Amino acid sequence: MGYCDGWETCSACQGVSCEGYCQECQSNKEERCRHSCQTTCESNCQGCQGYCENGCQSSCQKNCESSCEKSCQSGAEKNSAPSSPGGVNLPNPIRSEKSFSISWGYASDSDGNLSGYTLERSIDNGSYSQIYNGSSTSYTDTVPKGTKSVRYRVRAYDSYNLTSGYTYSQIVTVVNNSAPIISGSNYDYGAVTENFSINYIVTDSDDGDRVEVKITVDNQIIQDFTETSLGIRKTIDVDLTKYELGKHKIEIIARDKEGTTYTRTYTFEKINTAPIISGTDTDLGNKNSAFTIVYTVKDPNNDKVNVIEKLNGKILKNITNIGTGEQSITVTAEMLSEFAINTSNVIEIEARDANNAVSYRRFTFVRSNFAPIISGTDTDLGEKDKEFTYIYSVTDEEKDKIKIKVFLDNRLVVPEFDGVDNKEYRYELKGFDFLKLTLGKHTLKIVATDSNGLVSTRLVSFTRTAARVVMQLKDPRDTDVMAKKVLVIPGWFVAPGATGKVEVCNNAYDAAPTWEDATVVTNEGRAFNFLNSSKTATKWGVNIRLTIEKGKSTVTSYITSIGGSVE
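In the numbering used here, the protein residues as written are 9 to 575.
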C-alpha cells in the first residue's frame, strides 16, 4: 500500500502518529498538492498513516514525508542560491572625476536561473551603496573629487531573488588630481586650400599645478613637452606650403606634474588648389573706346602655371610659366570696330597649373555708342527748407534722338518727352509740391535714353527741412460771449535747440484777430487769461496757433494735435 510497503514492522515507530503530516498535506492541497500530485500525496499519506498505526511510524513517516514534500514543492521551494561572483578587478590607483572600469568573474547557478549582479561601493570606508544592478560583469564608474579611498563588493542574484555571498575588491587609493584641459573640441577642418591658424587655451583646476605642452604633426614632434602659461591663448599657424597634398593630423598634448595628460586633435586635408586669378568675373558694361584689363596670377601650391588669353574664343596670347607680376590685356579701338553695336563680347583668362587644376576669369562688355550725357554729376544739395529749381541739360555725341523723364523718390513727376540736344531744362519744386514733402531725405532722378536704348541717369538728393512748423485750428471755436480763459494742450515735440510758441485769440472772426502769447502758462499747464476784450466781427470765437522755430536743433520737431478747453 503506497510508499510504506515493506515496512510492516518497525519497533522505532511504535506509539508515534503521522496524522499531523498528512493533515498538513491535506490542508494545503489547494496550494501545494495540485493535479496529479494531490492524489498521490493523499494516497501516500493514508498508506503511511495505516502502517504507522501498526507500529512502523518513524521510518514510514520519514519515507512518506520526503516523497510527498518533494512532489508537492514549488520552484521557489526547490531553488538554490547562486554562487558568489569571481574576483573584482579595477585600476589601482584611480583618479577622481575620471571614469574607469570595474569587472568581476561570472557566478554559477545549479538551477540555471542566474539573473544578474548587484554592485555596491564604499567611499572612505563608509557604508555601501548600490551603484549598479544588471546582467553585465563590468561597470564604468567615476568617484567624486576629494575621495581618499574606495572599495567595491558584488553579489549575484537569481530569478527568485536569492542572492549569493559578496565578493569584495581590494581597498583602492584615489588620486585627487584633475587632468589639464585644452579648450575647444577635436575638429576636422576638412579640405583646405589656404593657410589657417589653430587657437587654444590650456587650463588646470588643480591649484599650483605645472603643465607642459607637446605638439605633434603627423606623429612627428614639432615641440616637445615645454612648460606653458595657463589661461593664455596660444596659436599654431599652419603654413600649407610645408605640407604635402593629403590628410594631416595635429595633436596638442598637455601633461601636468602628476603625469596626467589631455589631448586635443585637429585634422585637415590639403588639396590641390587651382591658380588664383585676381579680381572677379565682371560685366564692364558699354565700351566704345580702347580699354585695358590688368590682372595677376598666383598658385597656392607654388606650381608652375600657364595662361591663355582669349577674346570671343580667339587666342590673343599664350604665356608659359607665368610669374606673379601684373599682366594686361588691351582691347584697341580697331578691335572694337569689328564688333556689332549692342552685342556682348567676352574676354577670358585661363590659368592651368602643373597638376591640371584650372581656373578662369571672364570680363564681358558691349560695343556701343555713348549714352546721352546729362550735365553735372550726381550730387547732394544738402538741406532745403523752401522751394528750389534744378537746372540741367542733355547731349548725345552721336546726335541720337533723346527721351527725357524725371522722377522724385521713384515717382514720375515729369512724363517722358523729346529732348533737344544741349538745351537747358529746369525742374521746379515749389508751392504745395514742396510743402507736402515729408521731412528727411529725397532723391530727384533724371533719366535720358537715346535711340539706341542707351540710358544715362543723374541723381540729385536733398534733405527736406523746416525752419518753422506751424499748426492752427482750421475752424475757430464759437463762443456765445467773450471767452475769458483758455487751457491749451499742445500735442508736439520741440527738439533741443528749437523754440515752441503758443498763441491764442478770443476774437478769431475779426479780420485782424488779437493774438496773445500763452506760451509760458501753457508750459506750466495753466489756463491763459485773455487780455483782449473787443471784437469787430459779429461773433466771438477762440483760435489756437502752435509754432516751432527750428533754431539750432539737429533733431526734427513736430506737431501732432491741438487740444484744450475754453471758459
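Glycine residues also receive a C-beta, built at the ideal position from the N, C-alpha and C atoms.
All figures in this text were calculated on a predicted structure; none of them were measured in a lab.
Beta-ladder partner(s) of residue i, from DSSP
i, result
"A87", "Sequence inspection shows Asn at residue 87; the Ala mentioned does not correspond to that position. Answer by DSSP bridge pairing: none, since N87 is not bridged."
"R129", "S137 and Y160"
"Q228", "V225"
"D149", "F108"
"N551", "C513"
"L467", "K453"
"E557", "R476 and T507"
"R369", "I357"
"V182", "I102"
"L447", "Bridge partners of L447: none, in fact."
"S7", "With the chain covering 9 to 575 only, the question about residue 7 has no answer from this structure."
Start-to-end residues for the alpha helix (DSSP H) that takes in residue i
i, result
"V440", "Note that residue 440 corresponds to Phe in the displayed sequence, not to Val. Counting along the chain, the alpha helix (DSSP H) containing F440 begins and ends at G439 to L443."
"A341", "A341 to L344"
N- and C-terminal bounds of the beta strand (DSSP E) containing residue i
i, result
"E358", "T351 to D361"
"T530", "Taken as a continuous stretch (DSSP letters only), T530 belongs to no beta strand (DSSP E), being part of the alpha helix (DSSP H) at T527 to N531."
"Y400", "F396 to T403"
"E391", "T387 to K392"
"M479", "R476 to Q480"
"E423", "First, the residue type needs correcting, since residue 423 is Pro and not Glu in the sequence shown. Element bounds for P423: R419 to G427."
"I412", "I410 to L416"
"Y270", "T269 to K278"
"N314", "V313 to L319"
"D486", "R485 to T487"
"I206", "F204 to T211"
"Y168", "Y168 -> no beta strand (DSSP E), and no H or E assigned at all."
"F501", "K493 to F501"
"Y195", "Y195 to V200"
"A520", "A520 -> no beta strand (DSSP E), and no H or E assigned at all."
"N326", "K322 to I327"
C-alpha distance - residue i paired with residue j, whole-angstrom precision
i, j, result
"M490", "G505", "37 Å"
"Y270", "R218", "14 Å"
"F442", "T471", "12 Å"
"S191", "E259", "13 Å"
"T351", "D386", "28 Å"
"R159", "E252", "53 Å"
"Q345", "N377", "The question names Gln, yet the displayed sequence has Ser at residue 345. Answer to the nearest angstrom: the Cα atoms are 11 Å apart."
"R272", "I244", "13 Å"
"S469", "I381", "19 Å"
"V225", "K257", "6 Å"
"I102", "S146", "16 Å"
"K156", "K106", "14 Å"
"V210", "D264", "11 Å"
"K547", "N531", "29 Å"
"K413", "N460", "17 Å"
"R241", "I261", "15 Å"
"K86", "N169", "13 Å"
"S205", "G154", "39 Å"
"K312", "I330", "7 Å"
"I285", "F276", "25 Å"
Exposure label - residue i; buried when at least 16 CB within 10 Å
i, result
"Y274", "buried"
"K558", "buried"
"K278", "buried"
"N227", "exposed"
"I110", "buried"
"Q335", "buried"
"L420", "exposed"
"Y165", "buried"
"S19", "Low per-residue confidence applies at S19: pLDDT is 36, beneath 50, and the placement is therefore not dependable enough to give any value."
"R42", "Only weak support is given to the placement of R42: the predicted model assigns it a pLDDT of 40, under 50, and the question is left unresolved by the model."
"F440", "exposed"
Beta-carbon gap between residue i and residue j smaller than 8 Å
i, j, result
"I556", "G508", "yes"
"N280", "A365", "yes"
"Y435", "L452", "yes"
"Y125", "R161", "no"
"D426", "K409", "yes"
"E391", "K493", "no"
"F373", "G293", "yes"
"S186", "S143", "no"
"P90", "S172", "yes"
"A474", "D393", "yes"
"D540", "Q480", "Reading the sequence as shown, one finds Asn at residue 540 and not Asp. Going by C-beta atoms, N540 is not nearer than 8 Å to Q480."
"P308", "A359", "no"
"F396", "L445", "no"
"F299", "V339", "yes"
"N296", "R375", "yes"
"T465", "N430", "no"
Closer than 8 Å to chain C by CB, residue i
i, result
"T338", "No chain C appears in this structure, which consists of one protein chain only."
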